[in-house]
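Here is the structure we will look at.
There are 2 protein chains.
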Amino acid sequence: MHILVLGAAGMVGRKLTERLVRDGRLGNREITRLTLQDVVAPQNPAGNTIPTKLVTSDFADPGTAAPLVAERPDVIFHLAAIVSGEAEVEFDKGYRINLDGTRYLIDAIRAIGGGYKPRLVFTSSVAVFGAPFPDKIGDEFFLTPLTSYGTQKAICELLIADYTRKGFLDGIGIRLPTICVRPGKPNKAASGFFSNIIREPLSGEGAVLPVSEDVRHWHASPRSAVGFLIHAGTMDTAAMGARRNLSMPGLAATVGEQIAALERVAGKNVTARIRREPDPAIISIVDGWPRQFDTARALKLGFTTAEKTFDDIIRIHIEDELGGKFVA
Amino acid sequence: MHILVLGAAGMVGRKLTERLVRDGRLGNREITRLTLQDVVAPQNPAGNTIPTKLVTSDFADPGTAAPLVAERPDVIFHLAAIVSGEAEVEFDKGYRINLDGTRYLIDAIRAIGGGYKPRLVFTSSVAVFGAPFPDKIGDEFFLTPLTSYGTQKAICELLIADYTRKGFLDGIGIRLPTICVRPGKPNKAASGFFSNIIREPLSGEGAVLPVSEDVRHWHASPRSAVGFLIHAGTMDTAAMGARRNLSMPGLAATVGEQIAALERVAGKNVTARIRREPDPAIISIVDGWPRQFDTARALKLGFTTAEKTFDDIIRIHIEDELGGKFVA
């Protein structure tokens, strides 16, 4: 089978690609061809023996999608997007990439016709929800995003459901929890600290905690995120009916619980590297974010996390990113 | 103040315009200028003394919105749309008019800048919801449309909320119940029979009932619909916060209750003109429609209906459309 990954150079895209290359198959079908696209040059994973095409192109360009789907990939993972902060500041750019880009894609798929109906897996976000929330956000809670990014994701969810209903594609949108522990360097994302306070201390570096320890949030490991994508790419979507978008399972934890888990897994020397420096701007942003979900529908449809506790999330980071070692 | 009505030649647009002309004011501000736009030539209401410009243009044309908003109307009523059945058959046309047209409009408003921030009243629809439903659809129920029309309306709701949040306009989206009694001739809309079985018998004509009498649906009179629009155009939107779209109050009635009300208001001779001819296609479509709402939020925000019972809905039709008389 032929798989197309849009946004393959991003963190989730790279991890998904590595997993596909490692498995050599998606579900019970052998991967015979891979196309990796991103606006920055995607990397071919080391040791990849699958015939792979690397494409550098701008998803917001009306001409980008057609040649990619002309080769009739069986499964398309659509991870292409600019992130929340950028979409908020660069209003037009956000709509161009996150909304128009998706429309170009689904219209290009539709234009092929002749029974071509690929599985399209779209990564949505919990940013489609906006405060005030119930304690747990259920599967039938309404979408009232408080960012342009969340608005664009919510619109794409609606489009993908409609194009699926019309038979133009076989779409599924999955709302990823905040990915923790996010590998790489600290960035300026308001959500960055959830990962920074784990990742940096484990590498012997200091990290800043800008909110209080009672802040609760919804997390999943990168390994779980890739697992969700693989399941979305292989599951029987008929069971979804017309409701094609759903919140993914995760783990609710307070920052205090995160730190206690880090102490259990790595010791007091490691947690001592976290500095409390409250930041009113970040406190205010985080206050509008979802805390916890009831994801009964996703669980019933077979989506599962790789972790049972926040300790597991930390262990997965140490295994997958640090070769099993940390700076005690 | 200057008011722009987009889609002014439609049934609701005409009734809104007549009311604006009759009142001469919107809330406590005198109407000094009126612009009426539609794709078919809008009519200037009889006796209109307000300086009025009639514009015939295609809302799906990227150049239509700019000259209309360049004159900086204070309030814009956006009723322009193609209907559900047409949007389903003419897929591209539906997206072009119902989605792209709205984007051209809000981007044209945003492009003016300089503090220009008109009130934008958007008519959404209960078609943003899709079965299965709870008994009453509450204010926080999710939007899972089962038609392209409903999808387009749901997307416009999201866009208007985001553009409002960003300060580009002062938007509000109102989901109108099925309008009953809809004046005019019977049409092929699947929902047509809800009005046909009242309107035609009152004019001495026969009407076909294609569903069973236990079908429950959500109704409001044309007078109520205009009242919702006027309130949306004048209310203090600050109380809405970021949640700019809401379901309008209405009246839940079964077809059996509609017919009983008709008999109370107009007698058995009139109801005898209804013929039962079950139509499996219409039964199946109607089965996916919302039946009843809990519109606590709209009521709290001051939206009220003109009718308390279905008898009132029939009386309003007789008063407003039939000059107080019917064929007994």
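Which chain is which? The protein sequence lines are A and B, in order. So the first sequence is numbered by the working numbering: it starts at 31 and just counts up by one. So the second sequence is numbered by the working numbering: it starts at 31 and just counts up by one. The C-beta atom is built at its ideal place from N, Cα and C for all residues, glycine as well.
>> Let me make sure I understand the geometry here. Which of A:142, A:91, A:156, A:144 has the alpha-carbon closest to that of residue 129 of chain A?
In response: Here residue 129 of chain A refers to the residue found at position 99 when the first sequence is read from its first residue. Ranking A:142, A:91, A:156, A:144 by Cα distance to residue 129 of chain A puts A:91 first.
> residue 366 of chain B: buried (16+ other C-beta within 10 angstroms of its C-beta) or exposed?
Replying inline: Any question about residue 366 of chain B goes unanswered here, given that chain B covers just 31 to 358.
>> If you reduce the DSSP assignment to three classes, tell me which class residue 37 of chain A lands in.
In response: For the purposes of this step, residue 37 of chain A is identified with residue 7 of the first sequence, where counting begins at 1. Three-state DSSP puts residue 37 of chain A in coil, outside helix and strand.
>> Assuming residue 206 of chain A and residue 250 of chain A are in contact, meaning their beta carbons sit under 8 angstroms apart, how far apart are those beta carbons, in whole angstroms?
In response: Stepping through the first sequence from its first residue, residue 206 of chain A is reached at position 176. Stepping through the first sequence from its first residue, residue 250 of chain A is reached at position 220. The Cβ separation is near 7 angstroms, so the contact holds.
> Residues of chain A with CB under 7 angstroms from residue 123 of chain B, in chain order?
Replying inline: As a working note, residue 123 of chain B is residue 93 in the second sequence. Simply none; closest approach about 14 angstroms.
> Would you say residue 34 of chain A faces chain B, with C-beta separation under 8 angstroms as the test?
Replying inline: Taking the first sequence and counting its residues from 1, one reaches residue 34 of chain A at position 4. No, because no Cβ of chain B sits closer than 8 angstroms to the Cβ of residue 34 of chain A.
> residue 105 of chain A and residue 33 of chain A look like a contact to me (Cβ under 8 angstroms); what is the Cβ gap, rounded to whole Å?
Replying inline: In the first sequence, counting from the first residue as 1, residue 105 of chain A sits at position 75. In the first sequence, counting from the first residue as 1, residue 33 of chain A sits at position 3. Confirmed, about 5 angstroms.
> Measuring CA to CA, which of B:246, B:95, B:224, B:113 is closest to residue 107 of chain B?
Replying inline: Indexing the second sequence from 1 puts residue 107 of chain B at position 77. Comparing Cα-Cα distances from residue 107 of chain B to each of B:246, B:95, B:224, B:113, the minimum goes to B:95.
> DSSP state of residue 211 of chain A, grouped into three classes?
Replying inline: Taking the first residue of the first sequence as 1, we reach residue 211 of chain A at position 181. Looking at residue 211 of chain A - three-state DSSP - the assignment turns out to be coil, as it is neither helix nor strand.
>> Just to confirm the assignment, what range does the alpha helix (DSSP H) spanning residue 73 of chain A have?
In response: Here residue 73 of chain A refers to the residue found at position 43 when the first sequence is read from its first residue. Run containing residue 73 of chain A: none; DSSP gives neither H nor E here.
> Quick one: Cα of residue 295 of chain B to Cα of residue 341 of chain B, how far?
Replying inline: Here residue 295 of chain B refers to the residue found at position 265 when the second sequence is read from its first residue. Here residue 341 of chain B refers to the residue found at position 311 when the second sequence is read from its first residue. Computed Cα separation, rounded: 6 angstroms.
> Where do the ends of the beta strand (DSSP E) carrying residue 83 of chain B lie?
Replying inline: For the purposes of this step, residue 83 of chain B is identified with residue 53 of the second sequence, where counting begins at 1. Residues 82-86.
> Cα separation between residue 284 of chain A and residue 64 of chain B?
Replying inline: Counting from 1 along the first sequence, the entry for residue 284 of chain A is found at position 254. Counting from 1 along the second sequence, the entry for residue 64 of chain B is found at position 34. So the two alpha carbons sit approximately 56 angstroms from each other.
> Are the beta-carbon atoms of residue 228 of chain B and residue 344 of chain B separated by less than 8 angstroms?
Replying inline: Taking the second sequence and counting its residues from 1, one reaches residue 228 of chain B at position 198. Taking the second sequence and counting its residues from 1, one reaches residue 344 of chain B at position 314. Yes, these two residues count as a Cβ contact at 8 angstroms.
> Comparing the C-beta of residue 178 of chain A with each C-beta of chain B, is any distance below 8 angstroms?
Replying inline: Taking the first residue of the first sequence as 1, we reach residue 178 of chain A at position 148. Yes, because at least one Cβ of chain B sits closer than 8 angstroms to the Cβ of residue 178 of chain A.
> At a Cβ threshold of 8 angstroms, is residue 190 of chain B touching chain A?
Replying inline: Taking the second sequence and counting its residues from 1, the one referred to as residue 190 of chain B is at position 160. Judged by the 8 angstroms Cβ criterion, residue 190 of chain B is not in contact with chain A.
>> Closest to residue 329 of chain A by C-alpha separation, out of A:176, A:298, A:281, would be which residue?
In response: Within the first sequence, the letter at position 299 stands for residue 329 of chain A. The residue with the shortest Cα to Cα distance from residue 329 of chain A is A:281.
> Contact check, residue 84 of chain B vs residue 71 of chain B under 8 angstroms by CB: the rounded distance?
Replying inline: Taking the second sequence and counting its residues from 1, one reaches residue 84 of chain B at position 54. Taking the second sequence and counting its residues from 1, one reaches residue 71 of chain B at position 41. That belief holds up - the Cβ atoms of residue 84 of chain B and residue 71 of chain B are roughly 7 angstroms apart, short of 8 angstroms.
> Are the region 229-247 of chain B and the region 171-184 of chain B touching, with three or more C-beta to C-beta distances below 8 angstroms?
Replying inline: no
>> I'd like the span of the alpha helix (DSSP H) that includes residue 274 of chain B, first residue to last.
In response: By one-based count along the second sequence, residue 274 of chain B stands at place 244. Taken as a continuous stretch (DSSP letters only), residue 274 of chain B belongs to no alpha helix (DSSP H), as it is neither H nor E.
> Who are residue 153 of chain A's beta bridge partners in DSSP?
Replying inline: By 1-based counting over the first sequence, the position of residue 153 of chain A is 123. Looking at the DSSP assignment, residue 153 of chain A forms a beta bridge with A:204.
>> From the DSSP secondary-structure annotation, give me the bridge partner or partners of residue 106 of chain B.
In response: The count along the second sequence starts at 1 and reaches residue 106 of chain B at position 76. Paired residues: B:34, B:150.
> Using 8 angstroms as the limit for Cβ to Cβ distance, is residue 272 of chain B near chain A?
Replying inline: The count along the second sequence starts at 1 and reaches residue 272 of chain B at position 242. Closer than 8 angstroms to some Cβ of chain A, the Cβ of residue 272 of chain B qualifies, so yes.
> Can you give the beta carbon distance from residue 109 of chain B to residue 35 of chain B, rounded, assuming they're within the 8 angstroms contact cut?
Replying inline: In the second sequence, residue 109 of chain B corresponds to position 79, counting from 1. In the second sequence, residue 35 of chain B corresponds to position 5, counting from 1. That pair is a contact at about 7 angstroms.
> Assuming residue 159 of chain A contacts residue 171 of chain B under a Cβ cut-off of 8 angstroms, what Cβ separation, rounded to an integer in Å, is found between them?
Replying inline: Taking the first sequence and counting its residues from 1, the one referred to as residue 159 of chain A is at position 129. Taking the second sequence and counting its residues from 1, the one referred to as residue 171 of chain B is at position 141. About 14 angstroms separates the two Cβ atoms, so there is no contact after all.
> residue 101 of chain A: which of A:115, A:88, A:82 sits nearest, CA to CA?
Replying inline: Counting from 1 along the first sequence, the entry for residue 101 of chain A is found at position 71. When each option's Cα is compared against that of residue 101 of chain A, the closest is A:82.
> Around the Cβ of residue 86 of chain B, are there at least 16 other Cβ atoms within 10 angstroms (buried) or fewer (exposed)?
Replying inline: Translated into positions along the second sequence, residue 86 of chain B becomes position 56. It counts as exposed.
>> Please list, in chain order, the residues of the region 192-208 of chain A that have any C-beta partner in chain B closer than 8 angstroms.
In response: 192, 195, 196
> How long is the line joining the alpha carbons of residue 67 of chain B and residue 315 of chain A, rounded to whole angstroms?
Replying inline: By one-based count along the second sequence, residue 67 of chain B stands at place 37. By one-based count along the first sequence, residue 315 of chain A stands at place 285. Computed Cα separation, rounded: 41 angstroms.
> Just the Cα atoms here: how many angstroms apart are residue 146 of chain B and residue 138 of chain A?
Replying inline: For this step, residue 146 of chain B is matched to residue 116 along the second sequence. For this step, residue 138 of chain A is matched to residue 108 along the first sequence. Between residue 146 of chain B and residue 138 of chain A, the C-alpha separation is close to 37 angstroms.
>> Just verifying my parser: in three-state terms, what is the DSSP assignment at residue 321 of chain A?
In response: Here residue 321 of chain A refers to the residue found at position 291 when the first sequence is read from its first residue. DSSP places residue 321 of chain A in coil when its eight states are reduced to three.
>> Once DSSP output is grouped into helix, strand and coil, what is the label at residue 362 of chain B?
In response: Because chain B here runs from 31 to 358, residue 362 of chain B falls outside it and cannot be looked at.
> Would residue 336 of chain B pass as a contact of residue 254 of chain B if the rule is Cβ separation under 8 angstroms?
Replying inline: Within the second sequence, numbered from 1, the residue matching residue 336 of chain B stands at position 306. Within the second sequence, numbered from 1, the residue matching residue 254 of chain B stands at position 224. Against a cut-off of 8 angstroms, the Cβ pair of residue 254 of chain B and residue 336 of chain B comes out as a contact.
> Taking Cβ-Cβ distances shorter than 8 angstroms, what residues in chain B pair up with residue 152 of chain A?
Replying inline: Taking the first sequence and counting its residues from 1, one reaches residue 152 of chain A at position 122. The contacting residues do not exist; residue 152 of chain A stays about 15 angstroms from chain B at best.
>> Give me, in chain order, the residues of the same chain whose beta-carbon lies closer than 7 angstroms to that of residue 131 of chain B; leave out the 5 immediate sequence neighbours on both sides.
In response: Residue 131 of chain B sits at position 101 when you count from the first residue of the second sequence. Same-chain partners within the cutoff: 89, 90, 110.
> What runs of the beta strand (DSSP E), each 3 residues or longer, lie entirely inside the region 272-316 of chain B?
Replying inline: 275-277, 281-284, 304-306
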